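Residue numbering for the sequence shown follows this note's numbering, starting at -13 and increasing by one per position.
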Amino acid sequence: MYRIKTLNNISPSVLEVLKKDEYELSDTMENPDALFVRASDLHGYDFNENLKCIGRAGIGVNTIPLQECAEKGIVVFNTPGGNANAVKELFLFGISMAGRDILGAMKWVYEYDGSEGPIAKRMEKIKKQFAGPEYAGKTIGVVGTGNVGSLVANIALDLGMKVYAYDPYLSVDAAWKVSRRVFRVATLDDLLKHVDYLSLHCPLTDETRGLIGEKQIAMMKDGARVINYARGEVVDEDAMIAALESGKIARFVSDFPTEKMVKAPNAVLTPHLGGTTGEAEANCAKMAAVQMDDYLKNGNIRNSVNFPDVTLERAGSARICLIHRNIPGMLTNIMPVFSRDGINIENMTNKSSGEFAYSIFDVNSVVDEKAVADLNALDGMIRVRVL
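Written as C-alpha cells, this is what we have:
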C-alpha cells in the first residue's frame, strides 16, 4: 500500500483514483511515498528518503524546490489545463473590468448616502464618469497560447475582437486549439504595437520574469489595457504603477495583488481567483492523482516539471525504473549490470532533460537485491525502483 501525505485540503475527486485498498491518505503521516499539495510552500521542507513524487494540484510550481527534488529523485507533477476553463471564465470578468470603470461604479452605488437626492435620479447624472470602450472591434494581444491562452484567444474572437498571439514555445497540440483567425506574430514587439488590450497567459520562468516592463509598455498605444492572469512577476510592478499614474496604461487587471499595487490608480485586483471553482479544483486534483498513480504503480512520468515525460506500456514480469544523471556512457554502464546479474530486457525506453534522465526497463527475469545494489552503486545513479 502506498502512503500519501496531503498538505492542503484536496478535492474528494482524488478518491476516485487513489482507492482505499491501495492507498492511505493522511495529513499527519510520516515517511510518505508521495506528497499531495495545492498551495503549501515546500522550500525548506524536510523531504524523507522514501519520498518518490509530489503531485501539485494546479499549474504553478514556484513554491516547490524543483532542483532539490530532482537531485533526490523526487518527481514533481503539475496539472496543465486542469483549471483552464475557470481562468478563461475569469478573463471575461477581467476584460469587462479593463474597459468600463465597473469597480468605481459599484463603489459609488454602495457608498452613496442619498445627500444629493434619490439614487435613481443621481446616477443618471454621474454615470458618464464610469464610461469606457467596448471591446468589440478592438485588438487584443494574447501572450502564451497554451491551455488557457488558446481558450482566451478563441473567446476573444467570439467577442468580436481582432486577436494577435505570441508564443515562442507553442507546441503542436496547442496550435491545433487556436483558431486560424488568430494572427500569429514572431516577436513580442510585433504584438505590442498593435494592441488595445493585452492578456498574459505565460508561465513564470527566468525568461518571462519582468516580460512586460518599461520598454514594452512604451511600445504600446496610449491608453492600452492590460490583463494579467499569468503570474504577478511577469509584469514589472514599478513600471506598471508608473504607467498607470501617467495614464499610459488606462487600466491594469491582475489576479496577483501586492501591497504596492493596491495603492495604484486604475488597478483592479482579485486574490488569485483563477482556479477557484469547484470544478477546477476537482479536475486538478483528479489529474494529479492519475499521474501519481501511474508513476507509483508503473513508473510512467506524465506532466513532470523536473524530469522528462517517459511512458512505456508494460511487458515482462518486472519493471526497473532508473532516475540518473544525464552523463555520457550512463546506459553503457547500466547494461553490463543487467548482463552480469542475468537480467534479460524485454523492452526499454530512455529520455533526458537537462542534467537529468529517466530510463525504464521491462525485464522477464528476477531482479534481486544484489542487482538493485549494483545499479545504485553506479556513478550518476540517483534512484532505483523495481515494480
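Glycine is no exception: its CB is placed at the ideal position from the N, C-alpha and C atoms.
What you are looking at is a predicted structure, and each value in this text was computed from that prediction instead of being measured.
| Asked | Found |
| --- | --- |
| Within 8 Å, strictly: CB atoms of alanine 172 and leucine 190 | no |
| Neighbour-count burial assignment, isoleucine 50, 16 or more Cβ in a 10 Å radius | buried |
| Three-state class that DSSP yields for asparagine 289 in the structure shown | coil |
| Per DSSP, the bridge partner or partners of phenylalanine 63 | Gly41 and Ser290 |
| Residue range of the beta strand (DSSP E) that includes methionine 367 | 367 to 372 |
| Classification of alanine 56 by the beta-carbon crowding that lies within 10 angstroms, buried from 16 upward | buried |
| Integer Cβ distance of valine 138 from lysine 207, believed to fall under 8 Å | About 20 Å separates the two Cβ atoms, so there is no contact after all. |
| Own chain residues within Cβ distance below 7 Å of asparagine 350, not counting five before or after | Gly302, Ser303, Asn330 and Glu332 |
| Helix, strand or coil at asparagine 214 according to DSSP, with G and I counted as helix | strand |
| Start-end ranges of the alpha helix (DSSP H) lying completely within the stretch 304 to 341, minimum 4 residues | 316 to 326 |
| For arginine -11: DSSP bridge partner residues | Glu10 |
| Unbroken alpha helix (DSSP H) run spanning tyrosine 96, endpoints | 88 to 97 |
| Cβ contact (3+ pairs, closer than 8 Å) linking the stretch 263 to 271 and the stretch 294 to 313 | no |
| The stretch -6 to 4 touching the stretch 272 to 287, judged by at least three CB pairs closer than 8 Å | yes |
| Alpha carbon of proline 243 to alpha carbon of leucine 373, nearest angstrom | 46 Å |
| For alanine 250, the three-state DSSP class (helix, strand or coil) | coil |
| Cβ separation of isoleucine 126 and valine 149, assumed to be a contact under 8 Å, to the nearest whole Å | 6 Å |
| Backbone CA spacing between methionine 247 and isoleucine 320 [nearest angstrom] | 54 Å |
| Beta-carbon proximity check, leucine 282 vs cysteine 39, cutoff 8 Å | yes |
| Backbone secondary structure at alanine 160 - three-state DSSP | helix |
| Burial state of asparagine 292 (16 or more Cβ within 10 Å) | buried |
| 8 Å Cβ cutoff met for glutamine 404 and glycine 59 | With the chain covering only -13 through 373, there is no way to say anything about residue 404. |
| Limits of the unbroken beta strand (DSSP E) element including lysine 111 | First-last for lysine 111: 105 to 112, but that is the alpha helix (DSSP H), not the beta strand (DSSP E). |
| Test item: CB-CB of asparagine 284 and phenylalanine 63 under 8 Å | no |
| Per-residue burial, lysine 93 [other beta carbons within 10 Å of its own, 16 or more giving buried] | exposed |
| 8 Å Cβ cutoff, aspartate 208 in contact with chain B | Among the protein chains of the structure shown there is no chain B, as only one such chain exists. |
| Own chain, CB closer than 7 Å to leucine 11, minus 5 neighbours either side, in chain order | Ile(-10), Thr(-8) and Leu4 |
| Residue closest to proline 66, alpha-carbon to alpha-carbon, out of Ala359, His187 and Thr297 | His187 |
| Nearest neighbour of proline 119, chosen from Ala72, Gly85, Ile45 and Gly146 [CA to CA] | Gly85 |
| Given valine 323 as reference, the closest of Ile346, Asn336, Lys337 and Val358 once Cα atoms are compared | Val358 |
| Residues near lysine 179 by beta carbon distance below 7 Å, same chain, minus five either side | Met205 |
| Assigned secondary structure, serine 345 (DSSP; H/G/I helix, E/B strand, else coil) | strand |
| Of the residues Asn17, Gly44, Asp19 and Leu37, the one placed nearest serine 26, counting alpha carbons only | Gly44 |
| Opening and closing residue of the beta strand (DSSP E) in which alanine 20 lies | 20 to 23 |
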